[in-house]
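Residue numbers (the numbering used here): 1355 to 1543.
All residues carry an ideal CB built from backbone N, CA and C; glycine is no exception.
Worksheet for the structure shown next.
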């Protein structure tokens, strides 16, 4: 009976667009460890997590949070962990992928038409994804692009959005939210 309650609770969290406790706890743990990392080993291992050739070096850390045999889930945690290790934020960010790409465009000195911008092209490529593995391949350079602009993604929410991306209802809701966040009218900014 307890399992049913947890499933309902997870579904309600997803419908309200709140990150799950698991994702929040993972992100907070990584932020704390990366900022407290005196020996630099923790951060160094996680920075390599989103590279297929060095990902295994982060498995000791990731194994606390995800079954390493579930490749796509493991890679989702690796992508988020690597991003946090590179950025070293003091807290989780507040921006969705759509909001962050919009802000990257708005920070650009040569602002042109938002809908024809390189940020819009990146977003459209993300929105075209139909499965989690494809999404992660496309997200990896987009996350680095956002990081290079000094913007902070809400990593816990992004992790959940990736983990639930193979669920049709969740995928459509997530894609619609990212598009709405990016293309919203100027007055709403």
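Between the stretch 1473–1480 and the stretch 1492–1504 there are three or more C-beta pairs closer than 8 Å, enough to call the two in contact. With a contact defined as Cβ atoms closer than 8 Å, residue 1397 and residue 1404 miss out at about 13 Å. Positions of the beta strand (DSSP E) runs, each at least 3 residues long and wholly inside the stretch 1460–1541, cannot be given because no such run exists. Using a Cβ distance threshold of 7 Å, residue 1440 and residue 1455 do not count as a contacting pair. Residue 1488 and residue 1435 have their C-alpha atoms roughly 19 Å apart. Sorting 1526, 1538, 1523 and 1511 by C-alpha distance to the C-alpha of residue 1378 places 1511 at the top.
With a beta-carbon spacing of about 5 Å, residue 1458 and residue 1503 fall inside the 8 Å limit used to define contacts.
Collapsing the DSSP output to three states places residue 1416 in a helix. Looking at the DSSP output, residue 1455 bridges to nothing. The residue from 1499, 1532, 1516 and 1442 with its alpha-carbon nearest to that of residue 1384 is 1442.
As DSSP reads the structure, residue 1449 sits in a beta bridge with 1507. Counting the other Cβ atoms within 10 Å of the Cβ of residue 1452 gives 16 or more, which makes it buried. Residue 1389: member of the alpha helix (DSSP H) spanning 1375–1390, first to last residue. Its chain contains 1443 and 1447 as the residues whose beta carbon lies nearer than 6 Å to that of residue 1506, once the 5 sequence neighbours on both sides are disregarded; these appear in chain order. Residue 1387 holds the alpha-carbon nearest to the alpha-carbon of residue 1438 among 1532, 1387 and 1468.
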